[in-house]
Structures are given as structure tokens and as C-alpha cells.
Amino acid sequence: MTISNRRSASWFLAAMSLFLWNCGKKSIEPVIEQGSARTRFDQVEAGVSGLPSDAVLVYVGTNEVSVGGDAGTWTYVYYSTAENQHYGYRTLGDKIDSVEPESAEEMVTTPLPEEWIDSETAIDTAETNGGAAFRNRNTNCAVGMDLLMIDTTSMGLGKAVFPAETPPLPVWEMWYVSDEQEAVSIVNGITGELIVFQVLYERSSPITAREAWNIARTKYLEVSGGVLISVSTSMAHPDGKNVVWAFHYRYDSRLRFIGMDGGVLGQPQDPPQESEVRSDWPALPAGWIDSDAVLTVAESNGGAAYRSTHPSLDIELHLFPAGKAVMNRDFAMWEVFYGVTPTQGFGVAVNALTGAVVQ
Numbered sequence: 006m007t008i009s010n011r012r013s014a015s016w017f018l019a020a021m022s023l024f025l026w027n028c029g030k031k032s033i034e035p036v037i038e039q040g041s042a043r044t045r046f047d048q049v050e051a052g053v054s055g056l057p058s059d060a061v062l063v064y065v066g067t068n069e070v071s072v073g074g075d076a077g078t079w080t081y082v083y084y085s086t087a088e089n090q091h092y093g094y095r096t097l098g099d100k101i102d103s104v105e106p107e108s109a110e111e112m113v114t115t116p117l118p119e120e121w122i123d124s125e126t127a128i129d130t131a132e133t134n135g136g137a138a139f140r141n142r143n144t145n146c147a148v149g150m151d152l153l154m155i156d157t158t159s160m161g162l163g164k165a166v167f168p169a170e171t172p173p174l175p176v177w178e179m180w181y182v183s184d185e186q187e188a189v190s191i192v193n194g195i196t197g198e199l200i201v202f203q204v205l206y207e208r209s210s211p212i213t214a215r216e217a218w219n220i221a222r223t224k225y226l227e228v229s230g231g232v233l234i235s236v237s238t239s240m241a242h243p244d245g246k247n248v249v250w251a252f253h254y255r256y257d258s259r260l261r262f263i264g265m266d267g268g269v270l271g272q273p274q275d276p277p278q279e280s281e282v283r284s285d286w287p288a289l290p291a292g293w294i295d296s297d298a299v300l301t302v303a304e305s306n307g308g309a310a311y312r313s314t315h316p317s318l319d320i321e322l323h324l325f326p327a328g329k330a331v332m333n334r335d336f337a338m339w340e341v342f343y344g345v346t347p348t349q350g351f352g353v354a355v356n357a358l359t360g361a362v363v364q
């Protein structure tokens, strides 16, 4: 069947953006002067006017930094308690532009101390304690870093590095992102001492939906104890495999979300407000067929022929429980959408238990 109007996938894209900060894309090298975080901060402090009198620095960061701690672009975010507002500034060489804070990290409100160490010192600690070795064994490794106050009770690291009573403190986070792995080095933002260097993820080859779900269930007790409600992916391969998967599940009567991007598994978290999935949706049946089997059905029922005449399309997969797919049947369904645009393309609906095409 040809689909001209279908549900928007924006909720899926918004969900995927929650759990992974991706700084692995190399930017075109700008022909601009490089500088350390402190050097550029002094320029911002001298060049910015109009900030509320109570505004304080709460965040410093860059998406790509040299191993010497210099970058062409730095972002500085201030916060005013009186105005309850953030004020962002980005340096490009010696130029200073006003910008809107873009991430949750940049929206912190706890002031940084005045004596924070420079990026050069922080990255030197990171490089000496695992960073250089990580780069040497991983290809195309980019490094980003940010400075902010961290609530150490919610760092989400694989091992405890602070006593439970440790208050928030300033830390430099160095994010090492390669084609194969991702690692983080966390350095005390005042003393320059290493807090932890830890490899976070190893990227995987394209896998099926059930393989990705089983990885999540193995890694997190919350996920293994949850009830799966929906599965989605975008830009899937014709064999039904992908490195991007999104799962909504119910845990302790709450709707939760976990995703995989680039073969990297994120952490369990609340879904975005844009999500159309609700906690009271029925559960998916335990025996739902995997994504590779679904694509076998879809490809042989018009999908392969449609792809042959539309080589630039995007294959989306959505698994919905009974009564929640577009066709609203009383059984779980896979929707396969060969999209030329977000609303134009070819679709195949498949019974998620029998593998039969739904007419």
C-alpha cells in the first residue's frame, strides 16, 4: 500500500536525542586562532556587556579540542537567579557571539568557583591517565570537553568514585569518541586530580531489534524487569538490522525509554514529552517476531521493488501493541515504511506474531 499521510516520527527522533551526546563527527577545520578555555573566558568577561548583576558562570565547553587543551570555539553559559535565565556566549577565535544554551548540561544553575583550572591542565591529566592510550588504539578519535558542577550522586558511572555524602563539585569532563568506542575522563576542576577514566561504550555492528533489546535487558536491571511497549528505528538496513534502536517500556507503572545510537547503548530514562507512547498502552507479546524477519516479509511484498525505483529512501520500523498501530488491529503490528519524504512513501504492515501481511 502507498502511504500519503502517516504518523509523524518526530517523537522517535526527539527520544533518540535524549541519551547520547554525539561529538564524533569531524568538522571542517576552521582557519581561526586556537585558545584555551581560560584565555577565551578572559576575553568574554572583558567583551560582554548587559548581563544582570547577579549572573554567574555555570558552564564552559567545546565540542572538539586539541590534546593540548586549545579549541577554536568555546561556549560559556551564565545564569541569573533574579531573572531565572541563562545567557550563552560562543567564541570563534577572537569573535564573541550571543547564543542560546543547547543542551541539558548547559542549563545547569550551580555557579562555578572562580579558581577553576584551565583546559590545558585538565586535558593533560586526562591524556596522562588513559586518554592518550585510548586515542592510540582507536581510529578517528575526537575529544570534546566541558566544565560544570556535578552532583556526584547521579554521575552514572560504572563504579563508585565518591562517598555518598560528597557535595557537588566542579569537574572537567573529557569525552573521547572514536569509531569503535567512547570513553570519559573526569578531572577535579580545582585541583586537576583525576577522578576517573572509564570506557563507556563499545560500538557494535548493525543488529536486529531483539538483539538490541536483549543487550539492554542484560545491562540494566530496570530494563530486564520492565514490560516492553514499543520498538522503533529509522534508516534501517534492508535486512532489518541497524545501529539505532528506540525502546519504550513500562517499569513500576512508569513509562521509560532506552535507546541505542551508533551501536552505543544509552541509559534508562524518562521519555520525551513529544512521545506518543503512553504508560497505559498494552504490552507487546513475548513472541514478537524480530526485525530481520519483518523486513524479509516487507521486501517480498513490494518493499524491494519500491527501493529499486527510489534509491534514496529511508526505511523506518515501528512495532506497536494491539490497537495502537495506524491500522488499529487487535494484535501487535510491525509498520514498515519506505519513506521518500517524512509523509510520502510505501508501507507494509505485518502481524507481529504470525508474520502475515496485514491488508
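Going by this note's numbering, the first residue of the sequence shown is number 6, and it counts up by one from there.
Don't be surprised by glycine CBs; every beta carbon is placed ideally from N, CA and C.
Owing to the predicted nature of the structure, the values given are computational and were not obtained by experimental measurement.
Query                                                                                                                                                                              : Result
Smallest Cα separation from W286: which of G328, G292 and L152?                                                                                                                    : G328
Between V53, D257, T67 and E50, which has its C-alpha nearest S41's C-alpha?                                                                                                       : T67
Are W177 and V148 touching if we call contact CB-CB under 9 Å?                                                                                                                     : no
Where E107 and E38 are concerned, what is the direct C-alpha to C-alpha distance, given to the nearest angstrom?                                                                   : 24 Å
So, do the stretch 344-360 and the stretch 267-284 have three or more beta carbon pairs nearer to each other than 8 Å?                                                             : no
Pull up the distance between the alpha-carbon of Y81 and that of N247, whole angstroms please.                                                                                     : 36 Å
The alpha helix (DSSP H) spanning V282 covers which residue range?                                                                                                                 : No alpha helix (DSSP H) contains V282, which DSSP labels as neither H nor E.
For Y225, collect the residues of the same chain with a Cβ closer than 8 Å to its Cβ; drop the 5 residues on either side in sequence, then sort them by chain order.               : I263, Q272 and P273
Which one or two residues does DSSP pair with L199 in a beta bridge?                                                                                                               : V192
Round the Cβ separation of L322 and S235 to the nearest angstrom and send it over; I've been treating them as touching at under 8 Å.                                               : The pair is not a contact, with the Cβ atoms about 11 Å apart (cut-off 8 Å).
State the start and end residues of the unbroken alpha helix (DSSP H) segment that holds Y311.                                                                                     : A309 to T314
Give the straight-line distance between the Cα atoms of V204 and V189, rounded to the nearest whole angstrom.                                                                      : 6 Å
Could you name the residues of the same chain whose beta carbon sits closer than 8 Å to that of P175, not counting the 5 residues immediately before and after it, in chain order? : L117, P118, W121, L152, L153, M154, I155, N193, G194 and I195
In terms of residues, what are the limits of the beta strand (DSSP E) holding V82?                                                                                                 : T78 to S85
Given a threshold of 16 other Cβ atoms within 10 Å of its Cβ, counted over all protein chains shown, does S124 qualify as buried or as exposed?                                    : buried
Hey, how far is the Cα of T96 from the Cα of A127?                                                                                                                                 : 20 Å
Alpha carbons only, please: which of Y92, V228, V63 and F139 is nearest the one belonging to P173?                                                                                 : V63
Within this structure, are the beta carbons of W79 and V61 separated by less than 9 Å?                                                                                             : no
Taking 7 Å as the limit between beta carbons, can you name the residues of its chain near P57, skipping five residues before and five after?                                       : S85, A87 and E88
Evaluate the contact criterion for the stretch 285-300 versus the stretch 333-345: three or more CB pairs, one atom per stretch, below 8 Å.                                        : yes
Spell out the partners DSSP gives M179 in its beta bridges.                                                                                                                        : M150 and S190
What does the alpha-carbon distance come out to for the pair N141 and V182?                                                                                                        : 12 Å
Please classify A137 as buried or exposed, where buried requires at least 16 other C-beta atoms within 10 Å of its C-beta.                                                         : exposed
Hey, S269 and E187 are a contact pair by Cβ (cut 8 Å); roughly how many whole angstroms apart?                                                                                     : Before going on, a small fix: residue 269 reads as Val here, not Ser. That belief holds up - the Cβ atoms of V269 and E187 are roughly 6 Å apart, short of 8 Å.
How should P326 be labelled, buried or exposed, when 16 other C-beta atoms within 10 angstroms of its C-beta is the threshold for buried?                                          : buried
What's the C-alpha gap between A169 and V362?                                                                                                                                      : Low per-residue confidence applies at A169: pLDDT is 48, beneath 50, and the placement is therefore not dependable, though the value from the model is reported in the following sentence. Rounded to whole angstroms, A169 to V362 spans 54 Å at the Cα level.
Cα separation between E198 and G135?                                                                                                                                               : 13 Å
What's the gap between the Cα of A357 and the Cα of C146?                                                                                                                          : 40 Å
Which complete alpha helix (DSSP H) runs does the stretch 114-141 hold, if anything under 4 residues is left out?                                                                  : 124-131
Name the one or two DSSP bridge partners that G93 has.                                                                                                                             : V82 and V104
Report the residue from E304, H253, L289 and M265 whose alpha carbon sits nearest the alpha carbon of R283.                                                                        : H253
Assuming P243 and R312 form a contact by the criterion Cβ under 8 Å, report the distance between their Cβ atoms to the nearest whole angstrom.                                     : 7 Å
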